[in-house]
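Peer 1: First the structure, then my questions, so here it is.
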């Protein structure tokens, strides 16, 4: 008897968890596209530009499919961008590929945000004639 009630509790919890996941997916998908560029997250480290292009090409004319890679190691950072010729094609791709498997990983497709400008790089202060440089917090350092 106790087993049956705990079993019902587990089943009840799983259905409520499933419904909350579905609600989360609809909230995540609610924004509309204004640009034909999509941000793809959750990519496998083994996903290449070609695999990304092959996965997204059935939804329309691809302009670009790019997996962002680490400069030092050359491996994928786990996200990329896909650009289409029109916003309608991008919307179809978003509907068709969001929360789907690619290379064994679940990927998420969202509208790409415009790139934010980076602050200018600070130049290293030049050493003086004596070979020392000024450290603003401590004073002189060598």
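Numbering (my numbering), first residue to last: 12 to 153.
Ideal Cβ positions, reconstructed from N, Cα and C, are used throughout, including at glycine.
1. On the three-state DSSP scale, how would you describe residue 101?
2. Could you please give the first and the last residue of the uninterrupted beta strand (DSSP E) stretch that includes residue 66?
3. Is the beta carbon of residue 117 closer than 8 Å to that of residue 53?
4. On the three-state DSSP scale, how would you describe residue 91?
5. Beta carbon of residue 98, beta carbon of residue 108: below 8 Å?
6. Suppose you measure from the CA of residue 51 to the CA of residue 133; what does that come to, to the nearest Å?
7. Under 8 Å between the Cβ atoms of residue 56 and residue 89?
8. Opposite residue 52 in the DSSP bridges: which residues?
9. Taking 7 Å as the cut-off, is the beta-carbon of residue 108 closer than that to any non-hydrogen atom of the ligand MN?
10. Which residues does DSSP pair with residue 96 in a beta bridge?
11. Roughly how many angstroms lie between the CA atoms of residue 46 and residue 68, to the nearest whole one?
12. For a test of the three-state rule: what should DSSP assign to residue 106, helix, strand or coil?
13. For residue 44, tell me which candidate among 77, 59, 115, 100 has the shortest Cα-Cα distance.
14. Roughly how many angstroms separate the alpha carbons of residue 130 and residue 77, rounded to a whole number?
15. In the DSSP assignment, find the beta strand (DSSP E) that holds residue 44 and state where it starts and stops.
Peer 2: Reading off the structure:
1. Taking the chain shown and counting its residues from 1, the one referred to as residue 101 is at position 90. Residue state, collapsed to three classes: helix.
2. Counting from 1 along the chain shown, the entry for residue 66 is found at position 55. Secondary structure note for residue 66: it is in no beta strand (DSSP E), and the uninterrupted alpha helix (DSSP H) holding it is 60 to 67.
3. The residue given as residue 53 occupies position 42 in the chain shown. The residue given as residue 117 occupies position 106 in the chain shown. Against a cut-off of 8 Å, the Cβ pair of residue 117 and residue 53 comes out as a contact.
4. By 1-based counting over the chain shown, the position of residue 91 is 80. Residue 91 sits in a strand when the DSSP states are folded into three classes.
5. As a working note, residue 98 is residue 87 in the chain shown. As a working note, residue 108 is residue 97 in the chain shown. Cβ distance not < 8 Å, so residue 98 and residue 108 don't count as in contact.
6. Locating residue 51 in the chain shown gives position 40, counting from the first residue. Locating residue 133 in the chain shown gives position 122, counting from the first residue. The alpha-carbon atoms of residue 51 and residue 133 are separated by roughly 32 Å.
7. Translated into the one-based positions of the chain shown, residue 56 becomes position 45. Translated into the one-based positions of the chain shown, residue 89 becomes position 78. Contact: yes.
8. Taking the chain shown and counting its residues from 1, the one referred to as residue 52 is at position 41. DSSP lists 90, 119 as partners of residue 52.
9. This structure simply doesn't include the ligand MN, nor any ligand for that matter.
10. Working through the chain shown from its first residue, we reach residue 96 at position 85. Looking at the DSSP assignment, residue 96 forms no beta bridge with any residue, so it has no partner.
11. Taking the chain shown and counting its residues from 1, one reaches residue 46 at position 35. Taking the chain shown and counting its residues from 1, one reaches residue 68 at position 57. Approximately 17 Å between the Cα atoms of the pair.
12. For the purposes of this step, residue 106 is identified with residue 95 of the chain shown, where counting begins at 1. Under the three-state reduction of DSSP output, residue 106 falls in the helix class.
13. Taking the first residue of the chain shown as 1, we reach residue 44 at position 33. Nearest option by C-alpha distance: 100.
14. Taking the chain shown and counting its residues from 1, the one referred to as residue 130 is at position 119. Taking the chain shown and counting its residues from 1, the one referred to as residue 77 is at position 66. Rounded to the nearest whole angstrom, the C-alpha separation of residue 130 and residue 77 is 25 Å.
15. To locate residue 44, count along the chain shown from 1; it is residue 33. Annotation for residue 44: no beta strand (DSSP E) segment contains it, and DSSP assigns it neither H nor E.
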